[in-house]
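Notes to accompany the following structure.
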Amino acid sequence: MSDSSDDDRTIIKPVNRTPPPPAAAPTPAQDDHGNALPVGTYLGEFEVTSMLGEGGFGIVYLVWDHSLERRVALKEYMPSALAARSGGTQVSVKSERHRDTFEAGLKSFVNEAKLLAQFDHASLVKVYRFWEANGTAYMIMPFYEGQTLKQALKDMNGPPDEAWLMGMLAPLTEALEVIHAEQCFHRDIAPDNVILLKGSGRPLLLDFGAARRVIGDMTQALTVILKPGYAPVEQYAEVPGMKQGGWTDIYALAASIHYAILGKTPPPAVGRLMSDHYVPLAQQVAGKYSERFLNAIDRALVVKPEDRTQSIAELRAALGLGGVDFNPMVTQPVNLASQGGASKSHRAPAPAQAKRQTASANSTATAPAASRTGLMIGVGALALAGLGGTAFWLLTKSSAPPAPVAADASLAATPAPATVAVAPVVTPPPAVAPATPPAPAPIAATPPVVEGPFDALREFDRIIAAQTPGFGVEAASAKPQFRIGKDRLAFTVKSAREGHVYVLLQSTEGEFMQLFPNKMARNNRIKAGQTLSLPQATWPMDVAGPAGTDHFLVIVSSQPRNFEAAGLKNDGGFGMYPKPDAALEIAKRHTGPGSAFAGAVQCEGGPGCVDEYGAAKFSSDEVP
Numbered sequence: 229m230s231d232s233s234d235d236d237r238t239i240i241k242p243v244n245r246t247p248p249p250p251a252a253a254p255t256p257a258q259d260d261h262g263n264a265l266p267v268g269t270y271l272g273e274f275e276v277t278s279m280l281g282e283g284g285f286g287i288v289y290l291v292w293d294h295s296l297e298r299r300v301a302l303k304e305y306m307p308s309a310l311a312a313r314s315g316g317t318q319v320s321v322k323s324e325r326h327r328d329t330f331e332a333g334l335k336s337f338v339n340e341a342k343l344l345a346q347f348d349h350a351s352l353v354k355v356y357r358f359w360e361a362n363g364t365a366y367m368i369m370p371f372y373e374g375q376t377l378k379q380a381l382k383d384m385n386g387p388p389d390e391a392w393l394m395g396m397l398a399p400l401t402e403a404l405e406v407i408h409a410e411q412c413f414h415r416d417i418a419p420d421n422v423i424l425l426k427g428s429g430r431p432l433l434l435d436f437g438a439a440r441r442v443i444g445d446m447t448q449a450l451t452v453i454l455k456p457g458y459a460p461v462e463q464y465a466e467v468p469g470m471k472q473g474g475w476t477d478i479y480a481l482a483a484s485i486h487y488a489i490l491g492k493t494p495p496p497a498v499g500r501l502m503s504d505h506y507v508p509l510a511q512q513v514a515g516k517y518s519e520r521f522l523n524a525i526d527r528a529l530v531v532k533p534e535d536r537t538q539s540i541a542e543l544r545a546a547l548g549l550g551g552v553d554f555n556p557m558v559t560q561p562v563n564l565a566s567q568g569g570a571s572k573s574h575r576a577p578a579p580a581q582a583k584r585q586t587a588s589a590n591s592t593a594t595a596p597a598a599s600r601t602g603l604m605i606g607v608g609a610l611a612l613a614g615l616g617g618t619a620f621w622l623l624t625k626s627s628a629p630p631a632p633v634a635a636d637a638s639l640a641a642t643p644a645p646a647t648v649a650v651a652p653v654v655t656p657p658p659a660v661a662p663a664t665p666p667a668p669a670p671i672a673a674t675p676p677v678v679e680g681p682f683d684a685l686r687e688f689d690r691i692i693a694a695q696t697p698g699f700g701v702e703a704a705s706a707k708p709q710f711r712i713g714k715d716r717l718a719f720t721v722k723s724a725r726e727g728h729v730y731v732l733l734q735s736t737e738g739e740f741m742q743l744f745p746n747k748m749a750r751n752n753r754i755k756a757g758q759t760l761s762l763p764q765a766t767w768p769m770d771v772a773g774p775a776g777t778d779h780f781l782v783i784v785s786s787q788p789r790n791f792e793a794a795g796l797k798n799d800g801g802f803g804m805y806p807k808p809d810a811a812l813e814i815a816k817r818h819t820g821p822g823s824a825f826a827g828a829v830q831c832e833g834g835p836g837c838v839d840e841y842g843a844a845k846f847s848s849d850e851v852p
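Take 229 as the starting number for the sequence shown in our numbering and just add one per residue.
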């Protein structure tokens, strides 16, 4: 399928973020915009401010919602081969012989909008509202900015590593599990149908193209429906024994990973059925990725549906993202130690139909310490225990589908709380005492005396005082206060030099931990000048109290760092430092500048193995 016919997909491109000017008379549509509505056209409270993209089955506009005063995207059903603009906003079928096909596509477009409106997952397109008018139909969605996975891969210097691919697969498979639970299948997964959102990099599955499939079915235009290389054989024809299901999306997702690794798709499935020349990834790129990862992708690409991975739960288990019990902690070994001190449990929010009951159970549960490093399942929701008493909840996917939401033509989402800009905290390099001649470290054999009780903030200051000038580390909270039970933690990190990011947290409960990297997010690299938004999509965190101030320290190190000497232990996927008494002893034993809690560089020696880092700290309040 050519790029030009790829669609009724939501297309993203940069736009001016300033609010639209006062309403003016609609600007006549330009010739190159075809059937597009003129800028300035009103559809209810939505004013068209620009066209984002036009495909063979729909047009996407950037519009201004005058009711809620925000920018959103509006998608209009407009199959250009079947219909045309007949004046103003009206859409008319070109010929009566196309009417049945047009109406079937319209019905499918509306049904897709209703379906998407039921789901609420960060990697699925959200539909705020939909309606029929002017001989066609419309849906309102968030305005998503970002680049397609296909473009992102093209911009890379080489194939992404396993950690990057796993970070993308985690939320995508969660999203697919949500829709598959409702017996809904995407059937159009490909790198150009996934976007990586600007800022967070979170992958988002674009809309399903239901209208395209229906019209293609009725016109027998398989080239409209299929993307050779990504489409499994069962999509080419409905024959006995080759029905479509979750395994259909699994093949397309695995084909997308194949493309990411090799820069090309597997051979077209219909040809493979006759003579299979597929060379397994486990042979082609052995040693560059783990055997477990490659075997999981290869099995998902088996040509015969009955021999292929059958469900998303099975795929996640094969990848190490979790099995039937949806255990995202079953992963390959990481640098964190395998055991850690027990602390208060934190449960993941449950799906809509179970949230109240799960919350109640959480408030009264008192699990024994030995169970806190594991996972608990309750009321259909996975509860992730052992986050060391931090003031946040790690959000994980429930094994139960979300409760259906009644689709209403007047449905509109409540706007998200406004983000309050906070000036970034830039920590200046430490003052250098006058000395002749200059020395790399002025007589540090006698470090400051550490006296009790243990104070993590004092260690933060010692880490900052010993940083290397020139890193230019900036760290800033998305806003100064987060509301307990309502907001999600959000902050950014930026560095003038590339390196490895480590985020330490002293929580409102006094727990001392390493928030990042963690078992859900092991890739902690940052490029020079890059702004990293945390927490990432694979581990969003809800603010859960108690009220108080959370203190953060960000380290950007030229080399990976090891924290074993600081007593860092894995507890529920995050690194936990020892309790105050033990932490005080570690602090006392440390000699030289800095702090033991900054870790030690981990490299094999040589000219490039130097202990250099930059640091910055910031804080945010948790309020009722």
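Every residue gets a Cβ at the ideal spot worked out from N, C-alpha and C, and that includes glycine.
Query: Kindly list the residues whose CB is nearer than 7 Å to the CB of T277, restricted to its own chain and excluding five residues on each side of it in sequence; keep chain order.; Result: P248, V267, L290, V291, W292
Query: In angstroms, rounded to a whole number, what distance separates the CA positions of R313 and E360?; Result: 15 Å
Query: Is the separation between the beta-carbon of G757 and that of S723 shorter than 9 Å?; Result: yes
Query: Sorry if obvious, but does the Cβ on G776 come closer than 8 Å to a heavy atom of the ligand HEM?; Result: The ligand HEM is not part of the structure shown, which contains no ligands of any sort.
Query: Closest by CA to L812, which one among G801, V731, D799, A794?; Result: A794
Query: Name the residue from G727, V771, R325, A350 whose alpha carbon lies nearest to the alpha carbon of T759.; Result: G727
Query: Do F791 and A684 have their CB atoms nearer than 9 Å?; Result: no
Query: I think A782 touches A844, with their Cβ atoms under 8 Å apart; what is that distance to the nearest whole Å?; Result: This sequence places Val at residue 782; Ala is not what is there. Right, their Cβ atoms sit about 5 Å apart.
Query: What does a CB cutoff of less than 7 Å around P508 pick up in its chain, not counting 5 residues either side in sequence?; Result: D526
Query: Suppose the cutoff is 8 Å on Cβ atoms and the five residues either side in sequence are ignored; what does the same chain contact list for I485 look like?; Result: L393, L397, I525
Query: Given 8 Å as the limit, is there contact between the segment 406-416 and the segment 742-755, that is, 3 or more CB pairs closer than that?; Result: no
Query: Could you give the DSSP three-state label for A765: helix, strand or coil?; Result: coil
Query: In the segment 259-289, which residue ranges form an unbroken alpha helix (DSSP H) of at least 4 residues, counting only runs that do not cross its ends?; Result: none
Query: Does the segment 339-348 come close enough to the segment 313-323 to have 3 or more Cβ pairs within less than 8 Å?; Result: no
Query: For I712, which three-state DSSP category applies?; Result: coil
Query: Let me know if S503 comes out buried or exposed under the rule of 16 or more other beta-carbons within 10 Å of its beta-carbon.; Result: exposed
Query: Return the chain-ordered list of same chain residues with a C-beta closer than 6 Å to the C-beta of G491, the five sequence neighbours on each side being excluded.; Result: none
Query: Mark S295 as exposed unless 16 or more other C-beta atoms lie within 10 angstroms of its C-beta, in which case mark it buried.; Result: exposed
Query: So, with DSSP's three-state summary, where would you put G698?; Result: coil
Query: Can you tell me whether Y305 is helix, strand or coil according to DSSP?; Result: strand
Query: With the cut-off set at 9 Å, would you say L302 and Y372 are in Cβ contact?; Result: no
Query: Find out if the Cβ-Cβ distance for the pair H498, Y458 is shorter than 9 Å.; Result: In the sequence as displayed, the identity of residue 498 is Val instead of His. Contact flag unset, no.
Query: Work out the CA separation of A350 and A641 for me, nearest whole Å.; Result: Legend: pLDDT at A641 = 34, less than 50; position of this residue unreliable, value from coordinates given subsequently. In a straight line, the C-alpha of A641 is about 14 Å away from that of A350.
Query: For S503, which three-state DSSP category applies?; Result: coil
Query: So A754 and V729 are supposed to be a Cβ contact under 8 Å. How far apart are they, rounded?; Result: According to the sequence shown, residue 754 is Ile rather than Ala. Correct: roughly 5 Å between the Cβ atoms.
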